[in-house]
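Asker: In our numbering, the protein residues as written are 13 to 550.
1. Using the Cα positions of residue 33 and residue 40, report the straight-line distance between them to the nearest angstrom.
2. Please classify residue 296 as buried or exposed, where buried requires at least 16 other C-beta atoms within 10 Å of its C-beta.
3. Compute the Euclidean distance between the alpha carbons of residue 368 and residue 354, then round it to the nearest angstrom.
4. Quick one: Cα of residue 501 to Cα of residue 36, how far?
5. Going along the chain, which residues of its own chain have a beta-carbon closer than 6 Å to the beta-carbon of residue 383, five neighbours each way excluded?
6. Do you know offhand how far residue 59's Cα is from residue 173's?
7. Quick check on DSSP: helix, strand or coil for residue 546?
8. Tell me whether residue 131 sits in a helix, a strand or coil according to DSSP, three-state version.
9. With distance defined between alpha-carbon atoms, name the residue in 92, 458, 96, 358 nearest to residue 141.
10. If contacts are defined as beta-carbon pairs under 8 Å, then residue 86 and residue 42 qualify, I think. What distance do you get, rounded to the angstrom?
11. Residue 363 lies in the alpha helix (DSSP H); which residues open and close that run?
12. With a 10 Å radius around its C-beta and 16 neighbouring C-beta atoms as the bar for buried, classify residue 544 as buried or exposed.
13. Would you list the residues sitting across from residue 152 in a DSSP beta bridge?
14. Which residues does DSSP list as the beta-bridge partners of residue 112?
15. Return the CA-CA distance between residue 18 and residue 252, expressed in angstroms with no decimal places.
16. Relative to the C-alpha of residue 50, which residue among 57, 70, 28, 71 is closest?
17. Quick check on residue 503: buried or exposed, where buried means 16 or more other Cβ atoms within 10 Å of its Cβ?
18. Excluding the 5 residues flanking residue 497 on each side, which residues of the same chain have their C-beta closer than 7 Å to its C-beta?
19. Taking only the alpha-carbon atoms, compute the straight-line gap between residue 147 and residue 185 and give it to the nearest angstrom.
20. If contact is defined by three or more beta carbon pairs under 8 Å, each pair taking one atom from either stretch, is the segment 506–519 in contact with the segment 482–498?
21. Looking at the secondary structure, which residues open and close the beta strand (DSSP E) in which residue 144 lies?
22. Pop quiz: residue 499 and residue 472 are said to be a contact at Cβ under 8 Å. What is the actual Cβ separation, rounded to whole angstroms?
23. Run through the DSSP bridge pairs and tell me what residue 18 is partnered with.
24. Nearest CA to the CA of residue 66: which residue from 47, 294, 403?
25. Just the Cα atoms here: how many angstroms apart are residue 534 and residue 57?
26. For residue 187 and residue 129, which I take to be in contact (beta-carbon distance under 8 Å), what is that distance rounded to the nearest angstrom?
27. Tell me the DSSP secondary structure of residue 27 in three-state form.
28. Between which two residues does the alpha helix (DSSP H) harbouring residue 500 extend?
29. Which of helix, strand or coil does DSSP assign to residue 468?
30. Where DSSP assigns a beta bridge to residue 50, which residues make up the other side?
31. Helix, strand or coil: how does DSSP classify residue 92 here?
32. Going by beta-carbon coordinates alone, are residue 175 and residue 163 separated by less than 8 Å?
33. With C-beta atoms as the reference, is residue 527 less than 8 Å away from residue 478?
34. Alpha carbon to alpha carbon, what distance is there between residue 523 and residue 550?
35. Closest by CA to residue 494, which one among 385, 161, 458?
36. If you draw a straight line from the C-alpha of residue 374 to the C-alpha of residue 366, how long is it?
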């Protein structure tokens with residue numbers, strides 16, 4: 013049933029949900045005044061919500077405790093899944109905070125066409141993200157009335173490229189990005205009628221919502237349903253919802269809501285957290301569990317990138333030497349497995365997976381949509397393999413740099429030697445990347461790597477499985493490797509069995525029977541090899 017679940021007395025100004033350092037969704041409450049951010053805890057299985065101690069914010073450039081310049085307000089926070097950062101407005105700047113609570117400046121006042129634009133527009137709190145690494149904000153000019161909406165491409169969270177998206181005569185209060193419709197929406201008032209408009213190239217086209225009250229504090233869930241606050245009176249507000257793709261009218265959620273709602277966010281538990289200007293945080297039930305926004309159901313690239321690889325990607329963008337980091341400058345795509353979505357770089361997938369190379373270069377529909385669905389794929393295993401791919405990037409870079417230095421210090425080196433060195437580096441890198449894979453996950457990870465034709469990672473996983481073989485397990489390992497067509501592992505296990513046949517029979521006599529029953533041809537091949545090794549029947 014819709015209604016207010018809980019009230020927390022706190023001078024809250026804004027609320028946003030992100031992923032914390034462990035990868036779990038986390039709702040953060042921004043207090044009014046200087047930048048103080050409180051995590052919202054509890055709420056599971058009917059337990060009450062509570063506010064945890066404030067985050068310990070670190071100033072990125074100095075490494076000291078962060079505080080907003082001059083105690084300026086921090087407002088309009090949004091979470092961008094590509095950079096895995098929370099962004100907010102403060103003063104003339106847009107700030108960012110990564111999942112480790114390190115705060116840096118993403119973008120300050122900018123100059124476009126010789127005119128300075130600043131983000132400190134008290135008439136508009138507008139800031140939103142498209143979920144693909146770009147922010148949209150209202151920037152003001154002291155010399156003219158029209159407001160500019162600027163697009164701030166934040167990429168991996170280290171740099172920012174600012175361009176003007178459009179200049180609008182109408183007063184824009186809020187911005188929200190319609191992921192399903194792939195377009196920017198803006199709330200504005202014209203002639204006493206407020207509307208959610210489509211923001212297109214300097215004009216506000218008729219949008220999906222028209223109301224006699226001003227819609228504000230929009231939040232969009234994972235189903236493309238937008239929730240927004242409507243000011244009714246000094247005593248109460250209302251919260252409406254509208255499906256952005258259906259064209260249907262907005263309807264009230266039927267909850268008795270507090271007045272002056274400033275910000276809405278969807279909590280990990282599927283409720284709405286609402287900040288009121290009355291120094292109160294409200295937890296609202298919408299009658300159904302809300303689906304997390306797209307950005308929170310997508311695993312960010314930065315979860316897979318080691319720090320050295322992040323730096324290499326940025327350096328490559330700036331025009332440094334080529335090599336593996338250039339793969340991180342390619343466009344990203346989304347891989348869907350189960351109920352989870354993963355961002356990954358297209359070029360890296362093509363380079364490291366024959367499956368993705370064939371798929372993405374074939375002209376199939378999946379290669380054009382920017383999204384690939386892997387049916388019946390364990391998302392944990394896919395995440396494990398992507399971790400291996402991205403963890404190898406910085407190692408490859410360092411190894412290649414060392415190899416280049418070695419080559420330049422010697423003369424007359426044969427090209428075949430360089431190729432052998434490259435293959436050796438690739439093998440060593442893959443081995444290092446899979447070293448962190450837990451032993452219970454080795455088999456399913458190797459099986460998926462085989463399906464996705466990830467040659468280097470799959471080979472390294474098979475080598476780890478071979479190293480873990482014992483006389484007690486070798487017969488079952490042989491059957492499993494043959495079943496999944498793991499040729500490298502199968503060859504190694506055959507040699508192991510031939511060398512340790514007596515110990516294998518003594519350790520697991522039932523395993524020999526299972527081998528004969530499960531694969532008579534493999535058993536016959538092994539028996540012939542054992543007889544040959546021992547010089548015939550004895």
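Yeah, the Cβ is synthetic: ideal placement off N, Cα and C, and Gly gets one too. Keep in mind the model is a prediction, meaning the values are calculated, not measured.
Answerer: Walking through what the data contain:
1. Residue mapping note: residue 33 aligns to position 21 of the chain shown, counting from 1. Residue mapping note: residue 40 aligns to position 28 of the chain shown, counting from 1. Those two C-alpha atoms are separated by around 13 Å.
2. Here residue 296 refers to the residue found at position 284 when the chain shown is read from its first residue. The residue in question, residue 296, is buried, as its Cβ has 16 or more Cβ neighbours within 10 Å.
3. On the chain shown, residue 368 is found 356 positions in, with the first residue counted as 1. On the chain shown, residue 354 is found 342 positions in, with the first residue counted as 1. Roughly 14 Å between the two C-alpha positions.
4. Residue numbering aside, residue 501 sits at position 489 when the chain shown is read from its first letter. Residue numbering aside, residue 36 sits at position 24 when the chain shown is read from its first letter. The straight-line gap separating the alpha-carbon atoms of residue 501 and residue 36 is approximately 36 Å.
5. Sequence index remark: in the chain shown, residue 383 carries index 371 (1-based). Excluding sequence neighbours, residue 383 sits near 346.
6. Position 47 of the chain shown holds residue 59. Position 161 of the chain shown holds residue 173. Taking C-alpha positions only, residue 59 is separated from residue 173 by approximately 44 Å.
7. Start at 1 with the first residue of the chain shown, and residue 546 comes out as number 534. Three-state result, residue 546: coil.
8. Walking along the chain shown from the start, residue 131 turns up at place 119. Here residue 131 sits in coil by DSSP.
9. Translated into the one-based positions of the chain shown, residue 141 becomes position 129. Of 92, 458, 96, 358, the residue nearest in Cα terms is 92.
10. The sequence position of residue 86 within the chain shown is 74, counting from 1. The sequence position of residue 42 within the chain shown is 30, counting from 1. A Cβ-Cβ distance of about 6 Å is found for the pair residue 86 and residue 42, placing them in contact under the 8 Å criterion.
11. The count along the chain shown starts at 1 and reaches residue 363 at position 351. Residues 358–364.
12. In the chain shown, counting from the first residue as 1, residue 544 sits at position 532. Answer is exposed; the Cβ neighbour count stays below 16.
13. In the chain shown, counting from the first residue as 1, residue 152 sits at position 140. According to DSSP, residue 152 bridges with 130.
14. Along the chain shown, one-based indexing puts residue 112 at 100. Per DSSP, none; premise fails for residue 112.
15. Against the chain shown, residue 18 aligns to sequence position 6. Against the chain shown, residue 252 aligns to sequence position 240. Approximately 19 Å, taken between the alpha carbons.
16. Here residue 50 is taken as the residue at index 38 of the chain shown, counted from 1. Of the candidates 57, 70, 28, 71, the one whose C-alpha sits nearest the C-alpha of residue 50 is 28.
17. Position 491 of the chain shown holds residue 503. Exposed, because fewer than 16 other Cβ atoms sit within 10 Å of the Cβ of residue 503.
18. On the chain shown, residue 497 is found 485 positions in, with the first residue counted as 1. Counting only Cβ-Cβ distances below 7 Å, and skipping sequence neighbours, we find 462.
19. For the purposes of this step, residue 147 is taken as residue 135 along the chain shown, with counting starting at 1. For the purposes of this step, residue 185 is taken as residue 173 along the chain shown, with counting starting at 1. Take the alpha-carbon of residue 147 and the one of residue 185: they are about 16 Å apart.
20. Yes: at least three Cβ pairs fall under 8 Å.
21. Counting from 1 along the chain shown, the entry for residue 144 is found at position 132. Taken as a continuous stretch (DSSP letters only), residue 144 belongs to no beta strand (DSSP E), as it is neither H nor E.
22. Position 487 of the chain shown, counted from the start, is the residue given in the question as residue 499. Position 460 of the chain shown, counted from the start, is the residue given in the question as residue 472. About 15 Å separates the two Cβ atoms, so there is no contact after all.
23. Here residue 18 refers to the residue found at position 6 when the chain shown is read from its first residue. Answer is 295.
24. Here residue 66 refers to the residue found at position 54 when the chain shown is read from its first residue. Nearest C-alpha to residue 66: 47.
25. On the chain shown, position 522 is the one that residue 534 refers to. On the chain shown, position 45 is the one that residue 57 refers to. Taking the Cα positions, residue 534 is about 53 Å away from residue 57.
26. Position 175 of the chain shown holds residue 187. Position 117 of the chain shown holds residue 129. About 16 Å separates the Cβ atoms of residue 187 and residue 129, ruling out a contact at the 8 Å cut-off.
27. For the purposes of this step, residue 27 is identified with residue 15 of the chain shown, where counting begins at 1. Here residue 27 sits in strand by DSSP.
28. The residue given as residue 500 occupies position 488 in the chain shown. That run of the alpha helix (DSSP H) goes 499–511.
29. Mapped onto the chain shown, residue 468 falls at position 456. Residue 468 falls in the helix class under three-state DSSP.
30. Here residue 50 refers to the residue found at position 38 when the chain shown is read from its first residue. 41, per the DSSP bridge assignment.
31. As a position in the chain shown, residue 92 is number 80, starting the count at 1. Under the three-state reduction of DSSP output, residue 92 falls in the strand class.
32. To locate residue 175, count along the chain shown from 1; it is residue 163. To locate residue 163, count along the chain shown from 1; it is residue 151. Closer than 8 Å, so yes.
33. By one-based count along the chain shown, residue 527 stands at place 515. By one-based count along the chain shown, residue 478 stands at place 466. No, the Cβ-Cβ distance between residue 527 and residue 478 is not below 8 Å.
34. Here residue 550 refers to the residue found at position 538 when the chain shown is read from its first residue. Here residue 523 refers to the residue found at position 511 when the chain shown is read from its first residue. Bear in mind that a pLDDT of 46 at residue 550, under 50, signals an unreliable position, so the number given afterwards is only what the model happens to contain. Answer to the nearest angstrom: the Cα atoms are 22 Å apart.
35. Counting from 1 along the chain shown, the entry for residue 494 is found at position 482. Considering only alpha carbons, the answer is 458.
36. Taking the chain shown and counting its residues from 1, the one referred to as residue 374 is at position 362. Taking the chain shown and counting its residues from 1, the one referred to as residue 366 is at position 354. Per the coordinates, the alpha-carbon of residue 374 lies some 12 Å from the alpha-carbon of residue 366.
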